[in-house]
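One structure below.
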Amino acid sequence: MGTNPQIKALVSAAFPRIDFEEITKNRATKDIIVLDDSLRHDGNGIEYISDFSGENTDEIGVETIFDRYTEGLQKLEGQGHINLTALAYWKTSSYKDGNHIKEALDDNPQTFWQSDGSQPHYIDICFSKRVEVIQLAFFFSLLIDESYTPQVIKVYAGHSLSDATLYKTLEIRNVNGWVALTFEDNRPNDKLLKCQFLRLTIPVNHENGKDTHLRGVRLYSPSSKTYMDDSRIMECFSTNSIIFDCSIR
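Given below as structure tokens:
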């Protein structure tokens, strides 16, 4: 016996089919942020710190980009946030001699961290206690670093490596300046990411480049209560890890 069309219509209206494929697609799209100076607009979890509006990319020189680095860093520091960068222990998957991770943490646009190993590359950031992160800022320059520029960065967050989960995937297209990842969609009430551990994974570079450059990375908190306890930081890494300028070879 066939199903009465009227009954079928009533059942469909009362119990609509859930399109899990569409839900998954929308969620995946939400978790991917595209960074591109030509499509720039603040919002959706990203803030463009360096202002390249109205400029022809072909006319931008190296010195202009270096100036943008300094100006953008001054803008970041002038927001009134607390700079957490120096309070963390930093560990990288690899580094080339002379291009340690500390080169991406100084105020010099001409220095950078360079990986020296197989992909994916990664940077681990560990704090002694849970911190409140309001911004995670990066400086990229496709014009200068070319095939060394990360094309994708995956941001993982948690208490430690063992429980870190993927928070966002950044797709870097054409960026020559500072951009900041914000956390409105994580905690809308306070716009914070609360964690003790972050991992930045770089699985692919532009033009299929092997090793990567990172000229600047900063972490900021709205709170002045963050403090450092060296004894607890060691819990985040094994005793065989070399903290700060660390390489696994």
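Take 1 as the starting number for the sequence shown in the UniProt record's numbering and just add one per residue. Backbone N, C-alpha and C define an ideal beta-carbon position, used for all residues, glycine too.
- With contacts defined by Cβ atoms closer than 8 Å, Gln-151 and His-206 form a contacting pair.
- According to DSSP, Val-175 shares a beta bridge with no other residue.
- CA-to-CA, the gap between Ala-164 and Thr-149 works out to about 25 Å.
- Contact between the segment 101-114 and the segment 192-201 is absent: fewer than three C-beta pairs spanning the two stretches fall below 8 Å.
- With fewer than 16 other Cβ atoms from the protein chains shown falling within 10 Å of its own Cβ, Val-62 counts as exposed.
- Segment contact: the segment 118-132 against the segment 79-91, three or more CB-CB distances shorter than 8 Å; contact assigned.
- Inter-residue distance for Trp-178 and Leu-193 is about 20 Å (C-alpha atoms, whole angstroms).
- In the structure shown, Gly-45 falls within a coil segment according to DSSP collapsed to helix, strand and coil.
- Here Gln-110 is exposed: its Cβ has fewer than 16 other Cβ atoms, across all protein chains shown, within 10 Å.
- Its chain contains Phe-127, Arg-130 and His-159 as the residues whose beta carbon lies nearer than 6 Å to that of Gln-196, once the 5 sequence neighbours on both sides are disregarded; these appear in chain order.
- For Ile-60, the three-state secondary structure derived from DSSP is coil.
- Boundaries of the alpha helix (DSSP H) harbouring Leu-142: 142-145, taken from the DSSP string.
- Distance from the CA of Lys-168 to the CA of Gly-98, rounded to the nearest whole angstrom, comes to 30 Å.
- DSSP, read as helix, strand or coil, puts His-121 in strand.
- Separation of Arg-187 and Ser-162 (C-alpha to C-alpha, rounded to the nearest whole angstrom) is 22 Å.
- Residue environment: Thr-92 is assigned as buried (16 or more neighbouring CB atoms within 10 Å of its CB, all protein chains considered).
- At the C-beta level, Asn-176 and Leu-136 stay beyond 8 Å of one another.
- For Ile-33 against Ile-144, the beta-carbon gap comes to about 22 Å, at or over 8 Å, which does not count as contact.
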